[in-house]
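K.L.:
So that we are looking at the same thing, I have put the structure below in C-alpha cells.
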Amino acid sequence: MSIRAVLAAALGSTLLVGSVGAPALARPAADGVAPSAKREPAPRQWWYDAMRLDQAHRTTTGKGAQVAIIDTALDTSVPELRGADVSLGTDCFGKKSRPVTGMASDHGTAMTVGVVGQGNGGVLGVAPDATVRFYGIDPDPERQGFECDSVLIAKQIRKAVDEGADVISMSLGAGDQTEELAHARDKGVVVVMAAGARTEDSTAMALPAGLRGSFAVLAGGSDGLPWSENPVGLADLDAWPTITAPGIETQLGGVVEGRGWVQGEPRTGTSGATAITAGSFALLRSRYPEATGNQLVQTVIHQVGGNDSGDLSWTMKAGYGGLSVVRALETDPAGYPDEYPLLQENPKAVIAAYPANVYQDPAEKSGSEQTTGSGDEPDGTSTASGADQSAAADGASSDEGGVPFLPIAGGAALLLALAGGLVAWQRRTRRPAASPDASTTRSTPSAPTRG
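Residue numbers (my numbering): 23 to 473.
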C-alpha cells in the first residue's frame, strides 16, 4: 500500500472517532483557567480533533502569551470573539483602528478566531486564553484593495515586536521584510508566515515567507492529500518550507455575501494553517515562559508528528513535518540550543547542525555553553538518510506527499499529507460557502495591492 493510501486510511478512521464532538477542556487547564460550558468547539471540526487540542488544553490554553496578528481588518463582534482578550493596535498609518464588519473583515477575523476563538457555538481557537493584538493593513475598507504597502507593513511588524508580541502571525504577502524579521529574531519573537500559493506565473513561495530564515507554513487537508496549489522553496534565496498544518477546508468561519459572518465556514489556504501554527506557538510560550524564541522554533521542527527519534528530516512537500503541538508541549524547549536553526543555507545544513543529540535534558545540563552538533550520531552515522539530505540540498522532494501529523487516542497514528495556498489577497468578491478562498484562482502579488 502506498504512503498516501496509508495516510488517507489512518486519517479517515481517526476523524470518524473524533466526529462525535467530545467536549474540549473536560477538566481545568494547568494554567488555572477553568473551562466554561460554552468553551467547546462546534462538532465536526476536523482540524481541532486532528491536532488533539482537547489534550493540549489540559496543559495550557495560552494564558500569558501575546500574539500579534497582522492582517486585513477585524470584526470584534463575532460570537467566537466574545470574551476573548483581543485589542486593536494602530493601523499602518499610526492612527487608531476601529472594528470593521462585512466582507472587508472576513480574512482577518477568521485568522483571529483560529488563534483565540472562544467557542460560543463556533471555533474554539488553538490558544483561547492568549492575548491578541490585531494590526490592520486595510484602514479604509470602503476602497478597493489595501492601503498599506510593504513599507508600511514593515512598520506594523516592528511595532508588534516593540509592543511585546511573543508570536507574530502573518497570513499575507508583504514583500521583502528582511530587516524587520531580523529585528523580531533579535528580540526573541517568533514570526510565522503563510507560504503562499502557486500562480500562473510562479510556483515559488511568496514573500516574506520566501526569504532566508523565514518560518514558512504549508497546509493540508483531512483526506491525507496535499493541496494542488502548494508552492515550493526558492533555492536562489535559500528559502524553504518549514512546517505543515491544517489548512484545507478548515472550519474557521467567514463572511458570506448576503449572510454575514457564518460560524464554521470552511477555508482553504496557508493563511488558516499559519494562524493555527501561531496559536500553537502561543501554547508553547505559555507553557515554557522562560524559553527563547529560538528554542521554541527548535522544538516545533524537531517534535513533529510521527517522529520518535528527534532527528530532523525534510521534504519540499511537507517541510520538516506535520505540526504536533501535543508532542511539542511534552518537550522542554530549554534543552535545545538558543540558536535560530532556519538561517542555515538549506535544510541539509539544518539537519546536519541540529541532530537529535543536540538536545540536552535541562535537568542534566552542566550549565556550560551549548554548541551545535556535528551532524553525526555517536556511532558515526549520518543524522538523515542520503536521500533526505540530497532532496533538502537541491529543493526536490523525495516522498509521495505524506507526512506524519499527530497521534490519536488508543495508540494509532494520525497521518496527514499537507501543503497550502495563500488567501490574503482576496478581493471584495463573493466567496460561496464551502469553497476555497479566492487565492486558489487569483494571481499572487508580492505585496498587498489595491486593484
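Even for Gly, the Cβ is constructed at its ideal location relative to N, Cα and C.
Just to confirm the assignment, what range does the beta strand (DSSP E) spanning Phe-156 have?
P.N.:
Residue 156 sits at position 134 when you count from the first residue of the sequence shown. Where Phe-156 is concerned, the enclosing beta strand (DSSP E) stretches over 153-158.
K.L.:
Specify, as a first and last residue, the run of the alpha helix (DSSP H) that Met-192 falls within.
P.N.:
Working through the sequence shown from its first residue, we reach residue 192 at position 170. Here Met-192 belongs to no alpha helix (DSSP H); instead the beta strand (DSSP E) covers 189-192.
K.L.:
Asp-151 to Gln-140, Cα distance in whole Å?
P.N.:
Here the question's residue 151 lines up with position 129 in the sequence shown. Here the question's residue 140 lines up with position 118 in the sequence shown. In a straight line, the C-alpha of Asp-151 is about 8 Å away from that of Gln-140.
K.L.:
Taking the straight line between their C-alpha atoms, what separation do you get for Arg-80 and Pro-63?
P.N.:
Mapped onto the sequence shown, residue 80 falls at position 58. Mapped onto the sequence shown, residue 63 falls at position 41. Approximately 15 Å between the Cα atoms of the pair.
K.L.:
With distances taken Cα to Cα, identify the nearest neighbour of His-129 among Gln-67, Glu-201, Lys-117, Gly-291.
P.N.:
Your numbering for residue 129 matches position 107 in the sequence shown. Nearest option by C-alpha distance: Gly-291.
K.L.:
Ends of the alpha helix (DSSP H) at Leu-174?
P.N.:
Counting from 1 along the sequence shown, the entry for residue 174 is found at position 152. First-last of the alpha helix (DSSP H) with Leu-174: 172-184.
K.L.:
For the alpha helix (DSSP H) that Gly-280 lies in, which residues bound it at each end?
P.N.:
Translated into positions along the sequence shown, residue 280 becomes position 258. Where Gly-280 is concerned, there is no enclosing alpha helix (DSSP H), given that its DSSP letter is neither H nor E.
K.L.:
So what does DSSP say about Met-474, is it helix, strand or coil?
P.N.:
Limits of the chain in this structure are 23 at one end and 473 at the other, which puts residue 474 out of reach.
K.L.:
Using only CA atoms, which one of Tyr-381, Gly-242, Pro-263 lies nearest to Leu-229?
P.N.:
Numbered from its first residue, the sequence shown carries residue 229 at position 207. Nearest C-alpha to Leu-229: Pro-263.
K.L.:
Take Arg-66 as the anchor and find which of Ala-300, Glu-287, Leu-351, Pro-369 has the nearest alpha-carbon.
P.N.:
Locating residue 66 in the sequence shown gives position 44, where the first residue counts as 1. Residue Glu-287 is the option with its Cα nearest to Arg-66.
K.L.:
Tell me which residues share the same chain as Asn-316 and place their Cβ nearer than 7 Å to its Cβ, disregarding the 5 neighbours each side in the sequence.
P.N.:
Mapped onto the sequence shown, residue 316 falls at position 294. Within the same chain, Asn-316 has close Cβ partners Asp-360, Glu-361, Tyr-362.
K.L.:
Does DSSP classify Met-215 as helix, strand or coil?
P.N.:
Counted from its first residue, the sequence shown places residue 215 at position 193. Here Met-215 sits in strand by DSSP.
K.L.:
Measuring straight from C-alpha to C-alpha, what distance separates Pro-355 and Ala-226?
P.N.:
What you label residue 355 is simply residue 333 of the sequence shown in a count that begins at 1. What you label residue 226 is simply residue 204 of the sequence shown in a count that begins at 1. Each residue's alpha carbon lies about 31 Å from the other.
K.L.:
Whole angstroms is fine: what's the gap from Gln-366's alpha carbon to Val-213's?
P.N.:
On the sequence shown, position 344 is the one that residue 366 refers to. On the sequence shown, position 191 is the one that residue 213 refers to. Computed Cα separation, rounded: 17 Å.
K.L.:
Give a yes or no on contact between the region 158-169 and the region 116-131, applying the rule of three or more CB pairs nearer than 8 Å.
P.N.:
Yes, the region 158-169 touches the region 116-131.
K.L.:
Got a sec? Which residues, its chain only, sit under 6 Å from Leu-364 by beta carbon, not counting five neighbours each side?
P.N.:
Reading the sequence shown from its first residue, position 342 is the one you call residue 364. Excluding sequence neighbours, Leu-364 sits near Gly-235.
K.L.:
Using a 10 Å radius around the Cβ and a threshold of 16 neighbouring Cβ atoms, would you call Lys-370 buried or exposed?
P.N.:
For the purposes of this step, residue 370 is taken as the residue at position 348 of the sequence shown. So Lys-370 counts as buried.
K.L.:
Beta-carbon separation of Trp-336 and Ile-373 under 8 Å?
P.N.:
Counting from 1 along the sequence shown, the entry for residue 336 is found at position 314. Counting from 1 along the sequence shown, the entry for residue 373 is found at position 351. Their beta carbons are under 8 Å apart, which means Trp-336 touches Ile-373 by this criterion.
K.L.:
Can you tell me where the beta strand (DSSP E) holding Pro-268 begins and where it ends?
P.N.:
The residue you call residue 268 lines up with position 246 of the sequence shown. Taken as a continuous stretch (DSSP letters only), the beta strand (DSSP E) holding Pro-268 covers 265-268.
K.L.:
Going by other Cβ atoms of all chains shown within 10 Å of its Cβ, with 16 needed for buried, is Pro-385 buried or exposed?
P.N.:
Taking the first residue of the sequence shown as 1, we reach residue 385 at position 363. Note that residue 385 is Ala in the sequence shown here, rather than Pro. Per the 10 Å Cβ criterion, exposed.
K.L.:
Going by the DSSP bridge assignment, what does Ala-87 pair with across the sheet?
P.N.:
Taking the sequence shown and counting its residues from 1, one reaches residue 87 at position 65. None, per the DSSP bridge assignment.
K.L.:
Answer yes or no: do Ile-270 and Gly-242 have a C-beta to C-beta separation smaller than 8 Å?
P.N.:
Here residue 270 refers to the residue found at position 248 of the sequence shown. Here residue 242 refers to the residue found at position 220 of the sequence shown. It is a contact, given that the beta carbons lie within the stated cut-off.
K.L.:
Say whether the region 217-224 touches the region 248-268, bearing in mind that this needs 3 or more beta-carbon pairs closer than 8 Å, one atom from each stretch.
P.N.:
Because the criterion of three Cβ pairs below 8 Å is met, the region 217-224 and the region 248-268 touch.
K.L.:
Could you say if the region 333-349 and the region 70-86 meet the contact criterion of at least three C-beta pairs nearer than 8 Å?
P.N.:
Contact holds: three or more Cβ-Cβ distances are below 8 Å.
K.L.:
Which word fits Glu-279, buried or exposed, when buried means at least 16 other C-beta atoms lie within 10 angstroms of its C-beta?
P.N.:
The residue given as residue 279 occupies position 257 in the sequence shown. Glu-279 is exposed by the Cβ-count criterion.
K.L.:
Based on Cα-Cα distance, which residue from Val-319, Ala-149, Leu-306 lies nearest to Ala-238?
P.N.:
The residue you call residue 238 lines up with position 216 of the sequence shown. For the residues Val-319, Ala-149, Leu-306, the minimum Cα distance to Ala-238 belongs to Val-319.
K.L.:
Along the chain, where does the alpha helix (DSSP H) containing Gly-294 start, and where does it finish?
P.N.:
For the purposes of this step, residue 294 is taken as the residue at position 272 of the sequence shown. Run containing Gly-294: 292-309, per the alpha helix (DSSP H) assignment.
K.L.:
When the Cα of Ser-109 is compared with those of Thr-296, Gly-158, Leu-259, which residue comes out closest?
P.N.:
Walking along the sequence shown from the start, residue 109 turns up at place 87. The residue with the shortest Cα to Cα distance from Ser-109 is Gly-158.
K.L.:
Could you compute how far the alpha carbon of Asp-107 sits from the alpha carbon of Val-183?
P.N.:
Mapped onto the sequence shown, residue 107 falls at position 85. Mapped onto the sequence shown, residue 183 falls at position 161. Between Asp-107 and Val-183, the C-alpha separation is close to 18 Å.
K.L.:
Between Thr-296 and Ile-190, what straight-line distance do the alpha-carbon atoms span, to the nearest angstrom?
P.N.:
Counting from one through the sequence shown, the residue named residue 296 turns up at place 274. Counting from one through the sequence shown, the residue named residue 190 turns up at place 168. Cα-Cα distance, rounded: 10 Å.
K.L.:
To the nearest angstrom, how far is the alpha carbon of Ile-175 from that of Met-192?
P.N.:
Counting from one through the sequence shown, the residue named residue 175 turns up at place 153. Counting from one through the sequence shown, the residue named residue 192 turns up at place 170. Approximately 10 Å between the Cα atoms of the pair.
K.L.:
What is the rounded straight-line gap between the Cα of Ser-224 and the Cα of Gly-195?
P.N.:
For the purposes of this step, residue 224 is taken as the residue at position 202 of the sequence shown. For the purposes of this step, residue 195 is taken as the residue at position 173 of the sequence shown. Near 14 Å, if we compare the C-alpha coordinates of Gly-195 and Ser-224.
K.L.:
Take Gly-143 and list the residues in its own chain whose beta-carbon comes closer than 7 Å to its own, dropping the five residues that flank it on each side.
P.N.:
Residue numbering aside, residue 143 sits at position 121 when the sequence shown is read from its first letter. Only Ala-64, Pro-101, Gln-285 meet the Cβ criterion.
K.L.:
How big is the Cα-Cα spacing for Lys-209 and Cys-170?
P.N.:
In the sequence shown, counting from the first residue as 1, residue 209 sits at position 187. In the sequence shown, counting from the first residue as 1, residue 170 sits at position 148. If you take the alpha carbons of Lys-209 and Cys-170, they lie about 24 Å apart.
K.L.:
So, Val-137 versus Val-89, is the Cβ gap smaller than 8 Å?
P.N.:
Start at 1 with the first residue of the sequence shown, and residue 137 comes out as number 115. Start at 1 with the first residue of the sequence shown, and residue 89 comes out as number 67. Cβ atoms of Val-137 and Val-89: closer than 8 Å.
K.L.:
Pick helix, strand or coil for Asp-258, following the three-state DSSP scheme.
P.N.:
Counting from one through the sequence shown, the residue named residue 258 turns up at place 236. Residue state, collapsed to three classes: helix.
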